[in-house]
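Novice: So the working numbering is basically just the index in the sequence shown, starting at one, shifted up by 112.
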Amino acid sequence: FEKVINLVITIVLGVTSGVIFSRLAYLIIKKLMGIGSEFKFTLNTSILMLTILFIAGVYAWLYLINAFNIFKSDPIELLHADQKGEKEPKAKWFLALVGLVTLAWGYWIALTIKSPVSAVTNFFIAVLLVIIGTYLIFTAGSIVVLKLLRKNENYYYNVKHFIPVSGMIYRMKQNAVGLASICILSTMVLVTVSTTAGLFFGANDQVQQMFPRDIMINSAEPLTKLKQVAKNYATKEDVKLSDMQYIRTSQSLLFTKKANDFKAADRMNYSVSNVDKAANVVLISLSEYNTLTKDSLSLTKPNEIFMYTTAQNYSEKTMILNGHKYQIKQQVNKLKDTGLLNASPVDSYIVVMKDQKQIEGLLKELYKTKETAAYLAPAYQLNFNIELKDQAKRKAFIRGLSKEFAKTADKQGYSFQDKDSYRASVKRFDGGFFFLGIILGIAFLLATTLIIYYKQVSEGMDDRKRFVILQKVGMDEAEVKRVIHSQIMMVFIFPLAFAMLHVAFAFPLIKKMLVLFGITNWQLFLVVTLVVALIFSILYYVVYQLTARIYYRLVER
Numbered sequence: 113f114e115k116v117i118n119l120v121i122t123i124v125l126g127v128t129s130g131v132i133f134s135r136l137a138y139l140i141i142k143k144l145m146g147i148g149s150e151f152k153f154t155l156n157t158s159i160l161m162l163t164i165l166f167i168a169g170v171y172a173w174l175y176l177i178n179a180f181n182i183f184k185s186d187p188i189e190l191l192h193a194d195q196k197g198e199k200e201p202k203a204k205w206f207l208a209l210v211g212l213v214t215l216a217w218g219y220w221i222a223l224t225i226k227s228p229v230s231a232v233t234n235f236f237i238a239v240l241l242v243i244i245g246t247y248l249i250f251t252a253g254s255i256v257v258l259k260l261l262r263k264n265e266n267y268y269y270n271v272k273h274f275i276p277v278s279g280m281i282y283r284m285k286q287n288a289v290g291l292a293s294i295c296i297l298s299t300m301v302l303v304t305v306s307t308t309a310g311l312f313f314g315a316n317d318q319v320q321q322m323f324p325r326d327i328m329i330n331s332a333e334p335l336t337k338l339k340q341v342a343k344n345y346a347t348k349e350d351v352k353l354s355d356m357q358y359i360r361t362s363q364s365l366l367f368t369k370k371a372n373d374f375k376a377a378d379r380m381n382y383s384v385s386n387v388d389k390a391a392n393v394v395l396i397s398l399s400e401y402n403t404l405t406k407d408s409l410s411l412t413k414p415n416e417i418f419m420y421t422t423a424q425n426y427s428e429k430t431m432i433l434n435g436h437k438y439q440i441k442q443q444v445n446k447l448k449d450t451g452l453l454n455a456s457p458v459d460s461y462i463v464v465m466k467d468q469k470q471i472e473g474l475l476k477e478l479y480k481t482k483e484t485a486a487y488l489a490p491a492y493q494l495n496f497n498i499e500l501k502d503q504a505k506r507k508a509f510i511r512g513l514s515k516e517f518a519k520t521a522d523k524q525g526y527s528f529q530d531k532d533s534y535r536a537s538v539k540r541f542d543g544g545f546f547f548l549g550i551i552l553g554i555a556f557l558l559a560t561t562l563i564i565y566y567k568q569v570s571e572g573m574d575d576r577k578r579f580v581i582l583q584k585v586g587m588d589e590a591e592v593k594r595v596i597h598s599q600i601m602m603v604f605i606f607p608l609a610f611a612m613l614h615v616a617f618a619f620p621l622i623k624k625m626l627v628l629f630g631i632t633n634w635q636l637f638l639v640v641t642l643v644v645a646l647i648f649s650i651l652y653y654v655v656y657q658l659t660a661r662i663y664y665r666l667v668e669r
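#1: The ligand ZN and Asp388: does any heavy atom of the ligand fall closer than 8 angstroms to the residue's C-beta?
#2: For the beta strand (DSSP E) containing Glu63, list its first residue and its last residue.
#3: Less than 9 angstroms between the C-beta atoms of Gly553 and Val301, yes or no?
#4: Enumerate in chain order the residues of its own chain whose CB-to-CB distance from Leu452 is below 8 angstroms, with the five nearest sequence positions on each side excluded.
#5: Do Val538 and Gly473 come within 9 angstroms of each other at the CB atom, strictly closer than that value?
#6: What's the gap between the Cα of Val210 and the Cα of Ala216?
#7: Among Glu516, Asn372, Leu176, Pro228, which residue has its Cα nearest to the Cα of Tyr345?
#8: Helix, strand or coil: how does DSSP classify Gln529 here?
#9: Could you spell out the range, first to last residue, of the alpha helix (DSSP H) harbouring Leu638?
#10: Beta-carbon within less than 6 angstroms of Leu144's beta-carbon, same chain only, minus the 5 sequence neighbours each way: which residues are those?
#11: Specify, as a first and last residue, the run of the alpha helix (DSSP H) that Val393 falls within.
#12: Identify the residues that DSSP records as bridge partners of Thr430: which are they?
#13: Please report the Cβ distance between Tyr663 and Glu571, rounded to the nearest whole angstrom; I am assuming they are in contact, meaning their Cβ atoms lie under 8 angstroms.
#14: Can you list, in chain order, the residues of its chain whose CB lies under 6 angstroms from that of Trp173, leaving out five sequence neighbours each side?
#15: So, at 8 angstroms on beta carbons, what are the nonlocal neighbours of Ile564 in its own chain, with the 5 sequence-adjacent residues on each side left out?
#16: Please list, in chain order, all residues of the same chain as Ile292 whose beta carbon is under 6 angstroms from its beta carbon, the five residues on each side excluded.
#17: Does the beta-carbon distance from Thr412 to Val444 come in below 9 angstroms?
#18: Helix, strand or coil for Ala489? Go by DSSP, reduced to three states.
#19: Would Asn178 pass as a contact of Lys567 if the rule is Cβ separation under 9 angstroms?
#20: Buried or exposed: which applies to Leu398, given that a residue is buried once 16 or more other Cβ atoms fall within 10 Å of its Cβ?
#21: List the residues that DSSP assigns as beta-bridge partners of Leu365.
#22: Can you tell me which of the three DSSP states Ile249 falls into?
#23: Take every Cβ of the segment 420-430, pair it with every Cβ of the segment 334-345, and state whether three or more of those distances are shorter than 8 angstroms.
#24: Which residue or residues does DSSP assign as beta-bridge partners of Ser86?
#25: Is Val603 helix, strand or coil by DSSP?
#26: Looking only at its chain, what residues have a beta carbon closer than 7 angstroms to the beta carbon of Val131, apart from the 5 residues adjacent to it on each side?
#27: How big is the Cα-Cα spacing for Val120 and Asn181?
#28: Suppose the cutoff is 7 angstroms on Cβ atoms and the five residues either side in sequence are ignored; what does the same chain contact list for Tyr268 look like?
#29: What does DSSP give as the partner residues of Ile374 in its beta bridges?
#30: Taking the beta carbon of Ala309 as the centre, do at least 16 other beta carbons fall within 10 Å, making it buried, or is it exposed?
#31: Can you name the start and end residues of the beta strand (DSSP E) that Ala330 belongs to?
#32: Using 9 angstroms as the threshold, is the C-beta distance between Ile440 and Met419 below it?
#33: Whole angstroms is fine: what's the gap from Ile650's alpha carbon to Val643's?
#34: Quick test of the definition: if touching needs 3 or more C-beta pairs under 8 angstroms, does the segment 480-495 touch the segment 315-334?
#35: Which whole-angstrom value describes the C-beta separation of Val458 and Ala390, a residue pair presumed to lie in contact below a C-beta threshold of 8 angstroms?
#36: Going by CA-CA distance only, name the one from Leu223, Phe313, Pro607, Phe374 that's closest to Thr560.
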């Protein structure tokens with residue numbers, strides 16, 4: 113009867129509040145994703161029925177478990193179960209050591225990952241190791257630590273520590289799994305929300321990195337015709353174009369690198385296992401570079417080059433391209449916002465060579481087969497900004513310009529991309545992910561809160577008699593409260609501290625994974641992670657205070 117009453121209340125209140133909050137969730141996701149009127153809110157009755165059936169199935173399963181437990185139990189034993197003392201748990205050094213090793217292994221994977229691609233493939237391995245390590249450390253390691261504290265006489269024989277430590281040794285057996293679950297769920301909240309929030313708030317950086325200018329046109333053939341078409345159409349529509357760039361480079365070439373030694377590779381036959389050693393290289397002539405950057409650099413020797421790289425720690429003075437050794441005269445930074453290097457999961461390099469003839473000679477030497485002949489073709493890029501603030505007019509102009517290009521280009525192959533469309537798609541993608549992060553974060557937080565609440569209630573009921581006895585033998589109310597506070601803090605600080613530690617070690621791994629989404633501003637992601645951690649800590653403290661009051665009321669004499 114109790115289960116049936118709980119089921120009815122859960123379904124009525126759950127479905128009612130679910131329908132109400134679905135409307136709110138719809139409005140939130142619509143705002144986050146920037147979707148217009150085409151996104152309609154609807155309620156599917158079949159989904160509601162499936163939800164009700166699922167909840168009823170869970171309650172039926174719980175009923176069967178309870179019925180089985182009652183069936184196999186002795187009623188006399190149940191009546192006297194609370195009077196039966198618990199045996200002191202043994203210190204399981206081996207399991208504690210295994211937990212420490214698996215946790216350290218998971219941390220090591222997170223810290224030593226080099227490329228974003230390998231970060232994705234190793235992420236779940238690291239997560240599994242950390243979860244196993246956490247449970248073993250809380251179940252076995254905590255008892256080991258508490259027994260070591262008991263051996264420390266100066267610490268243990270202190271009124272502040274004696275009762276909490278001695279009580280925790282006996283109760284840690286049943287507490288450990290709950291505390292480990294709180295730790296894992298807290299870590300899930302922090303990782304999920306901070307990652308999705310990092311994506312959402314880093315969207316502008318993502319767009320700017322991919323599109324330094326409003327329009328980007330790429331082709332393997334000269335774009336002089338399309339350049340003139342763009343100017344003519346802008347004049348016709350009375351729109352000003354600015355910061356126009358017309359660049360000729362090599363295609364983005366794939367190399368396998370070791371220190372300063374780069375060997376050409378074919379993208380079609382490249383193994384994922386080599387991705388940590390991969391590098392993208394673009395070759396550009398000195399004259400193109402000077403025209404593009406309005407600089408006046410010079411190269412006097414054939415083996416001299418200028419270089420720009422996205423790699424964080426390329427300190428070599430030379431660069432070897434398939435056996436040809438080049439002296440790096442200077443690393444230049446003016447190519448950063450040219451759009452020549454899009455966001456890439458591997459390190460990228462722009463190499464400035466003396467002239468186009470030198471580039472073509474090197475390419476012919478690198479790509480001699482029919483399968484790799486496509487790499488010999490040059491890459492042309494036309495970029496410019498549109499001086500229009502009105503969004504509707506911008507969209508109309510971009511659509512018209514695209515149509516004009518299609519009329520003129522004939523059979524020429526080219527790609528036409530604009531920043532506005534990319535920004536809208538990024539907002540939809542990142543907004544959707546952020547919404548999922550919020551929903552999952554709330555779910556994990558509620559699960560954490562419930563575990564903490566029921567933990568406090570069950571422990572309060574168990575501890576009531578103990579504290580009544582302590583007061584009878586002379587411990588005053590202030591001392592009881594101090595002991596209770598010390599005990600609760602000891603229990604609930606550990607999961608939060610471990611969760612923060614997990615996130616700190618996971619940060620480098622997640623940072624590399626976000627590169628796949630075009631987020632390279634790790635400082636912004638760090639700020640977002642710290643803010644999320646601060647907000648979660650405040651919520652955790654509020655939950656702790658609210659549940660601690662329940663515990664106080666239960667044990668109060």
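Note that beta-carbon positions come from the ideal geometry of N, C-alpha and C, so glycine has one too. For clarity, every value in this text was computed on a predicted model and none was experimentally measured.
Specialist: In short:
#1: Although the ligand ZN was asked about, the structure shown includes no ligands whatsoever.
#2: With the chain running from 113 to 669 in the structure shown, residue 63 is simply not present.
#3: yes
#4: Ile359, Thr361, Val394, Ile396, Ile462, Gln493
#5: Contact: no.
#6: 10 angstroms
#7: Glu516
#8: strand
#9: Start and end: 634-667.
#10: Gly543, Phe546, Phe547
#11: That residue, Val393, is in no alpha helix (DSSP H); its beta strand (DSSP E) goes 390-397.
#12: For Thr430, which the question treats as bridged, DSSP gives the partners Gln439.
#13: 7 angstroms
#14: Hits under 6 angstroms: none found.
#15: Counting only Cβ-Cβ distances below 8 angstroms, and skipping sequence neighbours, we find Ile294, Phe604, Val655, Tyr656, Thr659.
#16: With the sequence shown as reference, residue 292 is identified as Ala, and Ile is not the correct amino acid for it. Once the five neighbours on either side are set aside, the close Cβ partners of Ala292 are Thr246, Tyr247, Phe250.
#17: no
#18: coil
#19: no
#20: buried
#21: Val393
#22: helix
#23: no
#24: This structure gives no information on residue 86, because the portion of the chain shown stretches from 113 to 669.
#25: helix
#26: Leu155
#27: 23 angstroms
#28: Leu261, Arg262, Phe274, Val277
#29: Position check: residue 374 holds Phe in this sequence, whereas Ile was assumed. Lys369, Leu433, per the DSSP bridge assignment.
#30: Result: buried.
#31: The displayed chain sequence assigns Asn, not Ala, to residue 330. It spans 327-331 - the beta strand (DSSP E) in which Asn330 sits, taken as one unbroken run.
#32: yes
#33: 11 angstroms
#34: yes
#35: 4 angstroms
#36: Taking the Cα of Thr560 as reference, the smallest distance to any Cα among Leu223, Phe313, Pro607, Phe374 is reached at Pro607.
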